[in-house]
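Numbering (my numbering), first residue to last: 39 to 211.
In this text, a Cβ means the ideal position worked out from N, Cα and C, and glycines have one as well.
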Ligand SMILES: Cc1cc2nc3c(=O)[nH]c(=O)nc-3n(C[C@H](O)[C@H](O)[C@H](O)COP(=O)(O)O)c2cc1C
């Protein structure tokens with residue numbers, strides 16, 4: 039259902055009855071199209087979580103190349119890799135990502151599965167991933183960029199105010 043690597047249908051999840059009286063949020067996948075929020079609200083969701091859309095804003099403290107990559111990418115450019123954190127993350131397929139490969143090698147896969155080694159392996163991978171995330175955010179030519187499939191509907195770098203007012207209009211309609 040959105041989020042980092044969700045791939046279940048929003049409607050199907052809702053039809054399971056949700057969690058009693060708790061409000062449900064559609065956790066990602068909307069991208070930049072406010073109609074996605076409208077559809078979710080009409081289905082019965084209380085709201086949507088937006089992540090990728092806000093990376094391509096003037097206010098986001100990431101490189102211009104990251105913002106441009108989000109604007110230029112389409113859903114087909116988004117791939118899963120477990121090489122960052124040991125579990126799958128969605129990233130834009132770039133030459134650098136291609137070179138590094140998308141999946142950990144057999145030894146690391148084993149260490150990630152084994153009950154005695156998986157916690158330590160994930161912790162080590164995550165601490166290394168923090169460095170990767172920092173470089174991706176601040177180094178113009180470091181092209182390991184996390185983004186969701188909603189990139190297809192993000193067509194420009196805008197201000198947060200522009201994004202929010204567009205979504206707000208649709209939510210209030
Ligand atoms: C840079 C970035 C890092 C993220 N890191 C995580 C993460 O560590 N764990 C997770 O569950 N989701 C992560 N997400 C996914 C967000 O939860 C997701 O973006 C959010 O639900 C909104 O979806 P959207 O990006 O399709 O708008 C990340 C998203 C971005 C853009």
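Throw me the rounded Cβ distance for the residue 74 and residue 186 pair, which I believe falls under 8 angstroms.
About 11 angstroms; that fails the 8 angstroms criterion.
Less than 8 angstroms between the CB of residue 201 and some heavy atom of ligand 1, yes or no?
False, no ligand heavy atom lies under 8 angstroms from that Cβ.
Measuring only from the beta carbon, is residue 184 closer than 8 angstroms to any heavy atom that is part of ligand 1?
Checking the Cβ of residue 184 against ligand 1 gives yes.
Would DSSP call residue 68 helix, strand or coil?
Correct three-state label for residue 68: coil.
Can you pull the DSSP bridge partners for residue 95?
Partner(s): 196.
In three-state terms, what does DSSP make of residue 139?
Three-state result, residue 139: coil.
Which class does residue 87 belong to by DSSP, given the choice of helix, strand or coil?
Coil, per DSSP.
Nearest-angstrom Cα distance between residue 133 and residue 122?
Taking the straight line from one Cα to the other gives about 16 angstroms.
Report back the beta-carbon spacing between residue 131 and residue 110 to the nearest angstrom; my notes put them in contact at under 8 angstroms.
Actually they do not touch by this definition, with Cβ atoms about 12 angstroms apart.
Which term fits residue 154, buried or exposed, when burial requires 16 or more other beta carbons within 10 angstroms of its beta carbon?
Exposed, by the Cβ-count rule.
Near residue 146, what residues of its chain come up, given a Cβ to Cβ distance below 6 angstroms and the 5 sequence neighbours on each side ignored?
Hits under 6 angstroms: none found.
Okay, do the stretch 175-182 and the stretch 76-92 touch, 3+ Cβ pairs below 8 angstroms being the bar?
Touching, no, given that fewer than three Cβ pairs across the two stretches are closer than 8 angstroms.
Is it buried or exposed, residue 168, if we count other Cβ atoms within 10 angstroms and call 16 or more buried?
Result: exposed.
With a threshold of 8 angstroms, establish whether the CB of residue 90 neighbours any heavy atom of ligand 1.
For ligand 1, at least one heavy atom lies less than 8 angstroms from the Cβ of residue 90.
Measuring straight from C-alpha to C-alpha, what distance separates residue 113 and residue 191?
Going from the Cα of residue 113 to the Cα of residue 191 covers about 9 angstroms.
I'd like to confirm something about residue 166: is its beta-carbon nearer than 8 angstroms to some heavy atom of ligand 1, or not?
The answer is no for residue 166.
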